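Since the structure comes first, as structure tokens, the remarks are kept for the end.
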Amino acid sequence: MSSFPDFSLAGYQVERLLGENRDGGRITYLANNIMTQTPIVIKQFQFARSGATWSDYDAHQREIQVLRQLDHPSIPRYLDSFETPSGFCLVQEYIPANSLVETHHWTPKQIKQIAKAVLEVLVYLQSVAPPVIHRDIKPDNILVNRQEKKVYLVDFGFARMGGGEVAVSSVVKGTLGFMPPEQMFNRQLTEASDLYSLGVTLVCLLTQTKSSEIGNLIDSAYRINVKQLIPSLNQEFVDWLQKMVAPELKNRFDNAAAALNALQPIDVVGNTPNPNKQVFTRKLSPVAMAVALAALCLVAILGTTKIISIISHSGDHHRTEKHDKKKKHHHDRDDDEKKDQYDKGDDQDDDDD
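Below you can see the structure in the form of structure tokens.
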């Protein structure tokens, strides 16, 4: 006999456990829709369970309220909700992807793509009316399907909708280490608040730091020294990431759109080309090429100073040789012109005859 709950009256059959938060009384299952046989996710909130509180109940209701208003390919769709003897269940679209907490080494370029994908979701969330603040962005809540190269943002249990909803609340919700200071101290949140959480998540990936150990990278002033942690990456990307995790709101990007626009042209592993800088190239002549190759071969024997002298002398010799050739060319051309004139004179004399 299965130890899983029976949701057949609601039209669902549980297949296996996906995760659980015993303290909050929430358990997540992979299940099937009995009618369509399509996989779905059921989040069971057991309100009557020991440890659960009214605030947890409110979070479950708020998640349903938020998800009903969202329609984005990178956010699992809300499908259904139903009551149980001990609480409620939320039914969502199943996403075949793993969270970023799964052991995997991501390259800096892949991490940039993940950042862009999440920022695009945040741009959408900040564009709806009223705007939505996720409040719990961390590696656990970002899923990646590596085969399809798709990124998803999940778990809107702590999300707030704009206006007064985004203002301070009586209970601080979020994950320590990933919450911006304004969220930790229960202050007004803005569209820049989720950027801090995303920035910390990217630092986790770049430094291969576990979510539970992120506190080791944050100092007493809630600052992360990005340059010290990832000195090998492009300075422009380091500066961008440092701005994402700035403790003070005024030092971050204003919103997700601004952060995304700034990230787009940055090469995370190299120097980003300056579109206003002109680069001039010059093709070496065969003689100059031969001199350069010879210099490379002799540098270890004669030393840099002597090589420079040789190159300079060879260059002067080449320029003299080129000048002599040019002079000879002009001399030959003058002789030809004189000969032509002489021939023309003979022709004229013939005509006069």
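For the sequence shown, my numbering gives the first residue as 770, with consecutive numbering after it. Think of the CB as a built atom: it goes at the ideal place given N, C-alpha and C, for glycine as much as any other residue. Remember, predicted model here, so these are calculated numbers, not experimental data.
Item	Value
Take A961 and list the residues in its own chain whose beta-carbon comes closer than 7 Å to its own, dropping the five residues that flank it on each side.	L1018, R1021, F1022, D1023 and N1024
Could you check whether L971 and I880 sit closer than 7 Å to each other, using their CB atoms as the reference points?	yes
Please report the residue range of the alpha helix (DSSP H) in which F754 lies.	Here the chain comprises residues numbered 770 to 1122, so residue 754 is not present and cannot be evaluated.
With respect to the alpha helix (DSSP H) encompassing D849, which residues constitute its N-terminal and C-terminal limits?	Element bounds for D849: not the alpha helix (DSSP H) but the beta strand (DSSP E), Y847 to T853.
Could you check which residue in V1014, V1038 and A1027 has the C-alpha nearest to that of E889?	A1027
So, helix, strand or coil for T805, using DSSP?	coil
To which residues of the same chain is C1006 closer than 7 Å at the C-beta, ignoring the five residues directly before and after it?	Note on identity: in this sequence residue 1006 is Phe, with Cys being the wrong assignment. Excluding residues within five positions, the ones whose Cβ falls inside 7 Å are I1035 and V1037.
Which residue or residues does DSSP assign as beta-bridge partners of C858?	Q813 and F851
Using the three-state DSSP reduction, which class does D930 fall into: helix, strand or coil?	Residue identity differs from the one stated: residue 930 is Met in this sequence, not Asp. Here M930 sits in strand by DSSP.
Using beta carbons (cut-off 7 Å, strictly below), is S850 in contact with chain B?	Checking the listed chains, one finds no chain B in this structure; it contains a single protein chain.
Could you give the first and the last residue of the continuous beta strand (DSSP E) run that contains E784?	Y781 to N790
To the nearest angstrom, report how far apart V995 and M953 are at their CA atoms.	21 Å
So V920 and I906 are supposed to be a Cβ contact under 8 Å. How far apart are they, rounded?	So it is not a contact: roughly 12 Å between Cβ atoms.
Where do the N-terminal and C-terminal ends of the alpha helix (DSSP H) with Y893 fall, by residue?	P877 to S896
Ignore the nearest five residues each way along the sequence and tell me which others in G780's own chain have a CB closer than 7 Å to its CB.	N802, I803 and M804
From L787 to Y863, what does the alpha carbon distance come to, in whole angstroms?	11 Å
Considering L998, what are the terminal residues of the alpha helix (DSSP H) in which it resides?	V995 to L998
Since V860 and I811 are thought to touch, with beta carbons under 8 Å apart, how far apart are those beta carbons, to the nearest angstrom?	6 Å
Classify C1066: buried if its beta carbon has 16 or more other beta carbons within 10 angstroms, exposed otherwise.	The pLDDT assigned to C1066 is 46, lower than 50, so where the model puts this residue is not dependable, and the model offers no usable value.
Would you mind working out which of P949, W875, F927 and F947 sits nearest R915, comparing C-alpha positions?	W875
Let me make sure I understand the geometry here. Which of Q834, N955, V870 and Q997 has the alpha-carbon closest to that of E982?	V870
Beta carbon of Y847, beta carbon of R831: below 7 Å?	no
With DSSP as the reference, please indicate the residues paired to A800 in a beta bridge.	V783 and I809
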